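One structure is given below, encoded as structure tokens.
In structure tokens, the structure reads:
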């Protein structure tokens, strides 16, 4: 795979590039966030590995700018800030995975490989997801309802995509934490409820996202 590494620490960058190259990947490295953004928008990369703390433009800003520009290349964010709040912030910015420092290089390789498999898996699936008059185009990265475009933040997009892929079925809070935020335990925060509420408001009425008390959530056509 072609991988763009955006990391300003020379030693860390050398170790990562060496490990990725040894695994057969083609690695391009830049040390500045603004340059990384330009390279990533230029295309041709299958995975991005981005440090959170960067000169010029930090990792959060870089990933947000990419998603706003419609660039969906999977991104792994590296950071020494490993609290739950930092992790959620990184994922909400549009990162697909989040790896705290220090980390073992085999784990980084495994996560990069997993991200690289996602586009191939998506190519075998439907590229347009629909419920009632709501439509999500995975290739054009657009969401419309009754023909009207709806702008979503990266985490709202992933939440809606997860719900649409499970349309008509009940998804629990734990399933959403794992599938949308990659959190494999219940942190007892309101992150799910907050994002569901925001997404429901953006999609408008009649509401398609239903809360099933004591069970979870489902997305389905409104009752007649």
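Residue numbers (this note's numbering): 2 to 225. Built from N, CA and C at the ideal position, the CB exists for glycine as well. In this text the structure is predicted, and so the values were computed from the model without any measurement.
| Asked | Found |
| --- | --- |
| The segment 160-174 / the segment 69-85 touching (three or more Cβ pairs under 8 angstroms) | no |
| Backbone CA spacing between residue 5 and residue 173 [nearest angstrom] | 35 angstroms |
| For residue 191 and residue 108, the rounded distance between their alpha carbons | 29 angstroms |
| Buried or exposed (CB count within 10 angstroms, at least 16 for buried), residue 14 | buried |
| Cβ-based burial, residue 196 [other Cβ within 10 Å; buried from 16] | buried |
| Backbone CA spacing between residue 1 and residue 25 [nearest angstrom] | What the structure shows of the chain is the stretch from 2 to 225, and residue 1 is not part of that stretch, so it cannot be assessed. |
| Boundaries (first-last residue) of the alpha helix (DSSP H) holding residue 41 | 34-43 |
| Burial state of residue 223 (16 or more Cβ within 10 Å) | exposed |
| Beta-carbon contacts of residue 96 that lie in its chain and below 6 angstroms, excluding the five residues immediately before and after | 64, 76, 78 |
| Whole-angstrom C-beta distance between residue 55 and residue 34, which should lie under 8 angstroms | 4 angstroms |
| Beta-carbon spacing of residue 93, residue 189 below 8 angstroms | no |
| Whether residue 48 touches residue 116 by CB criterion (8 angstroms) | yes |
| Three-state secondary structure (DSSP) of residue 196 | helix |
| Residue span of the beta strand (DSSP E) that contains residue 55, given as start and end | No beta strand (DSSP E) contains residue 55, which DSSP labels as neither H nor E. |
| Buried versus exposed, by CB contacts within 10 Å (16 or more), residue 60 | buried |
| Extent of the continuous beta strand (DSSP E) run through residue 138 | 135-138 |
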